[in-house]
Structure formats: structure tokens, C-alpha cells
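First comes the structure, then the notes that go with it.
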Amino acid sequence: MLRAFFHLPLAAILALAAAFRLWNLGENGYGREYYAAAVRGMLQSWHNVFFNSFDPGGFVTLDKPPVAIWIQALFAKLFGFSGLNSLLPQVLLGLAAVLLVFLLVRRTFGERTALLAALVLAVTPASVAIDRSNNTESCLIVVLLLAAWFAMRAAESGRLRDLCGAMLMLGIGFNVKMAAALILAPAIALSFFFFNRQIPFTRHLKFQTVACGLMIALALSWVTAFDLVPAGKRPYAGSTKHNSMLELALLHNGAARFTQPAAAAAPQPDKPHPVLYDESAVGPLRLFRALQAGQAAWLLPLALAGIIFGFFSRGKNRTRDIAIAIWGGWLASYWIVFSAAGGPFHTYYLATLAPALSALAAIGASEIWHRYRDGEAPRWLASVTIVLAISWQAWIFIGQTQFAAPSWLNWVAALSALLAMLGAAAFAGEAARKYPALAALPAGLLVLPVIAALSVVLIRPNVAAPVATVGAFSEAQTPDAFRLNPRRAEPAREKLISFLKEQHGSEKFLVAVENALLAGPLIIATGAPVMALGGYLGTDPILTPEKLAVLAESGAIRFVMIGGFSLTQRNTPNEITLREWILKNATPVDPQRWSLNPGRAGKPFRLRLGGVMTEMTFPELYDLRVKPVQ
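Add 18 to a position in the sequence shown, counting from 1, and you land on the number used in the numbering used here.
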């Protein structure tokens, strides 16, 4: 009967998690169109599936490994390609993460603590935001949770097979998000060593070597297979300079994250601007800033209490110590790496911290309650922890709203703090022990995380880089300032596509554009091969003018569009030489034939990207078949 009782709360938590992830989901469209376009292309060719091609023509790959995208493609194959079906796999993975956290915490800390951990993860802002997108973190988190399960078993049993299981899961994770998955490996290896010191060192060395060897072999299996195929028989490796997937893994998605300089802390803009990259300065305080801390760490004081009290638990328990070591190692490893990572860094990466923070916060709350109830700790300990949590949340709230929150939000914040303060007062004396219902008052600490999570449910975020923040309710504009007005964008795209289809003959590609951000919507709308000349950002040296000339002469491509939206300044040597060659060897197409705003074609405009005003030009369409008059 008791187990059946606790299954009902778990079902309720999963239903709550589903509601946060499904409500109004259709507003997010196709999510990140870069990935959705790849899924559409994969439905047309197994070649595109294996090589993780961005476009149906197999011209260039995504800048990520394939496993998470394969899951999306499988879902689209089974249920059809649509915006909703692009996002649903991540919703299901998010629910799986909530369930896995429950199961992992329950195995050592009991049902009630596990339910609290699942509840915290269900409403964690970063988790809700990422599970409502088609980014790959949702898949990575599930793989990491499975690795943590094997790691706990390995540390408990001292068996090689469990250690290999944990490392093999990280190998799969590498094929989801590359080096981001391997951050957990040292914590797993050290936990296994520390809790199995009775095993001879030479055997430890053998076990670790075998497990790490298997991890590396699985991690590099797809990368190696890709690079072994001759370049002419596969797509170009996106976001690389030398057409190598190993380069993507070790440099672009690896060492470059630490060798590239990070931006200094950005000044507060006069007006809210869309979130692209995390603009916070690298350093030990990075994740303590309000925007970053508010993604997953609203309950950080409780999580730290979970580590401290968990290790010094009531009666030594090796299994509990192992769980704390794995969760704490997860939190510490990713916290350190994210604090030090330079180069392009997205705030939504912090969703990876959420499972560990949720588990540790629940463990901390449980330990504090049991110590208070059993008289094993001073009564002020619980009160001080709650007050610290209230103060921490006030710091996040003020930092995110900049004293500009609407009155209703200020009232909600004040009431949540009041509830928690009443809870602190109850714990300061005997009231919480005599009347256990009063022990629930600190649940007010969940109110602001819920409000932050609702920001991406009720307000459409920048779906390519979703960030949940209570500040969204106080901004005059929605965070997704990059979203084009559909009343203008759709008709304009339809006219362009109509013209291209009318003129399309035997060419392989419908059109070539400068980057994947421009190609994605065209691929989604048509399912036709669209060439992204420079890959994702437009900076990949895929083609030289000579190679483009060969493609034009062979009839593979006729129309090229230059200009339009870009995340870069379009100033790399390769971009400049290609543009100059097109201007010299192709003829502009009359904008009246393909554009709803013909007077704007080729005209400059400025757009704020992050905190920087960037100059761009409206698109121009060129015909490579018609030579310009000299």
C-alpha cells in the first residue's frame, strides 16, 4: 500500500513536468531550424542520416555529432515531419530525466527525498527551457543520468563491468554533444577508486585503462568512420577549417572552448536585447551571476547542504556516500568547466547542472529535516539554511529584474519569501516538530523557480538559445527578438520559393545562400537541397571560386543569394573572395520577380546581435547561368 501511495505523487510530478514542457509548445515552431532542416534532409537519404548532413543535398554536416539528431529523425519518420514532432522527442527525454532522477535518488535516500528531487527538476527553469527546444542537451542529460547509475553501481560493487557501463554511456554521450559528455568521466573514475581502495592499485589501473579505452573507442567510432570516407563521397565537416570531424571534436567543440578568449562582462544595455551567447566574463564568479544562477541553481544553498550533511550523515552509510560523491562530482565538474569555458558559450548549457542540483537540494532538505526532527543538530541550523536560501533567491530575483519587475511579480516574490521566512521561524523553535505541516512552508522557495520556468512557457523565447528568467515578465519586448514577423516573413519566403521552383530545372541545388541560418527555413519549407556556402555561420572554407565555377558550369547550381541575416561580420577571406567572384560572374535577378520588397535588395541595415550593432545587407539573388555584361 505504501509503495502504491508514493507512485501517485510520482505520476503527479510527471504530469506537472509534462504540462510545463507541452503547454503552448506549438508556439516554438520548429525550434532551432538548423536542426529541423537536417531532420528533413535525413528523411530523404540514409547517406544524409549516417553523415549527419545539414542539407538534403549532402553538402555540409551539422556542427554536432549525430545521436540526438538521429532520435529526432526517427521520431519524424514514425510520426511525420512537423514543428511539434521536432520538439516532442526532447519533451519525452525531459520526462525520462525526471523519472531517472527519482529512481537514482530513491535507491539510496528513499521515496520522499526522491519525489522532492523529481519535483525540483520538473520545474527547474533551464530544464523546462531546453526540453521545449530541439537542442541536444535533453538527450545528453539522459545519457549522463544513465552513466551516473552505472557509476554508482560500479563504486558500490567494485566490478569492472559496471565501470565499463558508465564509461560506455559517456562514449555514447560524446556522440551526442562531444566533449561536454566527458566532463563527468573524472568524477566517475575517482569515485570508483576512492570507494574501492581495497582493490590492489595494479588492478585499479587495469580496470580504469579498460573502461577508458572502451569509452574512447566508442566515442571516436563515428568520428573515425566519417573521416575515413574520402572527402568527395561525403559532406564537408561543418564548422571546421580542414574538413575533419576529428578537428570538430577536438578543436571547435573541445580545446577551442578554452583557448578562445571570452568576452568581458557585457554592460547593461539601454533596452533589452535578444539572447545569443552568454556574455558573462569567464571566472569563478561566472555562474554566481543572476542570469546564470537562475537557470538551475535557485536552491544552491540546499544543494551545498546536501553535500555537507550527506557526507556526514546520521550513521555512516557507504552507499549514500557514493551517491553524494557522484552527484557532487557531477555538480563540481560541470560548474568548474562552465566557469572556465571561453569562446561561444550558451546560457542553456547550464541545464546540464540541473539533475545534480535537484538531487542534492532534495538530499539537503531531507537531511536538515531529519536532523531537526531527531534532535541531532542545533535548531538554528535549519533556520539559517532557509534564510540563506531566501537571500540567495533575492539576489537572483533582483539581478534578473533590475528593480523593474511588474507589481504582481514583486508581490509573488514577497509572498514566497514570507512563506519561507515563516518556515524558518517554525524551525527555530519546536513548532515544526510539533506541527509537521509547518515544515512545508519552506516550499515557498520553489515559487520563483516556477515563475522563471513559466517565462518560456507563456512567452516565446529565442528557441535557438532558450533562456528562462523572471526578468522576461518585465521586458517590453519578448526575448525572441530574432523571430521574423510571420505576416511578412512567410509571404516573402513563399514568393522567393515560388520563383526558384519555376526556374528550377535539372540543377541539384535549388539555391545557394551564405550560411545555414538562411538555408534552414528554405529546406524546411521545400525539402529541396539548399546549399549553405559557408556552413553554419558562413565562415567554413568549403568552396573556392574555382570550385563554385565548376558547380555552376556542371549545372549543379544556378541561383546564389548573398546578404541577409548572419551571426558574423562576413569578413573572412573565403567569404570575401566568393562574394567578389559572384558579383563579377553572375547577373542580379530583378528583385520584382522574387522579392516583396524589391527596393530593399542589397541595401544595408543594422541589427543588434547581443550587445553589438552589426551591419548587414538585405538579400540579393544572382543567376550564375547569365553572365554579366562587361
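Glycine included, every Cβ here is placed at the ideal spot set by N, Cα and C. Here the structure is a predicted model, which is why all the values come from computation and not from measurement.
Alpha-carbon to alpha-carbon, residue j and residue i
i      : j      : result
LEU188 : LYS195 : 10 Å
TYR53  : ASN153 : 8 Å
THR557 : SER257 : 8 Å
TYR48  : GLU512 : 17 Å
GLN521 : LEU514 : 11 Å
GLU633 : ARG588 : 10 Å
VAL146 : VAL430 : 20 Å
GLN286 : ILE414 : Here the model assigns GLN286 a pLDDT of 48, short of 50, so the residue's position is not dependable, and the following value carries that caveat. So the alpha carbons of these two residues sit roughly 16 Å apart.
HIS291 : ARG626 : Unreliable positioning characterises HIS291 in this predicted model, as indicated by a pLDDT of 45, which lies under 50. The coordinate reading is nonetheless provided below. Spanning the two alpha carbons is a distance of roughly 7 Å.
PRO509 : LEU139 : 41 Å
LEU340 : TRP167 : The displayed chain sequence assigns Ile, not Leu, to residue 340. ILE340 and TRP167: Cα-Cα distance of roughly 11 Å.
ILE206 : LEU181 : 8 Å
GLY417 : ALA450 : 32 Å
GLN15  : ALA374 : Absent from the structure is residue 15, since the part of the chain shown begins at 19 and ends at 648.
LEU32  : LEU106 : 15 Å
GLY620 : PHE636 : 5 Å
SER63  : VAL578 : 24 Å
GLY98  : LEU540 : 18 Å
PHE213 : ASN335 : 12 Å
PRO479 : ALA314 : 17 Å
LEU371 : TRP348 : 8 Å
ARG611 : ALA91  : 35 Å
ASN615 : ALA237 : 49 Å
TRP353 : LEU601 : 48 Å
LEU110 : ASP149 : 8 Å
ILE408 : PHE192 : 38 Å
PRO497 : SER156 : In this prediction, PRO497 has a pLDDT of 48, which is less than 50 and means its spatial position is unreliable; what the coordinates show is noted afterwards. Their Cα atoms are separated by approximately 21 Å.
For residue i, the three-state DSSP class (helix, strand or coil)
i      : result
LEU528 : coil
TYR367 : helix
PRO606 : strand
VAL485 : coil
THR131 : helix
TYR352 : helix
SER104 : helix
ASP339 : helix
SER651 : What is shown of the chain runs 19 to 648, which leaves residue 651 out entirely.
GLU638 : strand
TYR254 : strand
ILE580 : strand
ARG624 : strand
GLU633 : strand
PRO362 : coil
Nearest-angstrom beta carbon gap, residue j and residue i [assumed within contact, 8 Å]
i      : j      : result
GLY538 : GLU51  : 4 Å
VAL355 : TRP41  : Actually they are not in contact, since the Cβ atoms of VAL355 and TRP41 sit about 33 Å apart, beyond 8 Å.
ALA550 : PHE72  : 7 Å
GLY523 : PRO74  : Rounded, the Cβ-Cβ distance is 17 Å, inconsistent with contact.
GLY462 : ALA435 : 7 Å
ALA423 : SER492 : 5 Å
PRO253 : VAL67  : That pair is no contact at about 12 Å.
Exposure label - residue i; buried when at least 16 CB within 10 Å
i      : result
LYS519 : exposed
ARG58  : buried
GLY617 : exposed
VAL488 : buried
HIS260 : exposed
PRO646 : exposed
ILE201 : buried
MET631 : exposed
VAL465 : buried
TYR453 : exposed
GLU571 : exposed
ASP81  : buried
ALA249 : exposed
GLY573 : exposed
ALA490 : buried
PHE219 : exposed
ALA56  : buried
THR13  : Since the displayed the chain opens at 19 and closes at 648, residue 13 lies outside it and no answer follows.
SER351 : buried
GLN495 : The pLDDT assigned to GLN495 is 43, lower than 50, so where the model puts this residue is not dependable; a value taken from the coordinates is nonetheless given after this. By the neighbour-count rule (16 or more Cβ atoms within 10 Å), GLN495 is not buried but exposed.
ARG221 : exposed
TRP345 : buried
GLU598 : exposed
Residue i Cβ short of 7 Å to the ligand COA heavy atom set
i      : result
LEU264 : This structure lacks the ligand COA, and indeed carries no ligand of any kind.
Note to self: My parser needs the beta strand (DSSP E) runs of 3 or more residues fully inside the stretch 529–554; what are they?
What the structure shows: Inside the stretch 529–554, DSSP marks whole beta strand (DSSP E) runs of 3 or more residues at positions 529–531, 548–550, from first to last along the chain.
Item checked: Sequence ranges, alpha helix (DSSP H) only - wholly within the stretch 153–239, length at least 4 -> Counting only runs of 4 or more residues that sit fully inside the stretch 153–239, the alpha helix (DSSP H) segments are 155–175, 178–195, 203–212, 219–237, in chain order.
Next item on the list: Within the stretch 51–84, note down every full alpha helix (DSSP H) run reaching 4 residues or more, in order along the chain.
Entry: For secondary structure counted as the alpha helix (DSSP H) over 4 or more consecutive residues, the stretch 51–84 holds these complete runs in sequence order: 51–60, 64–69.
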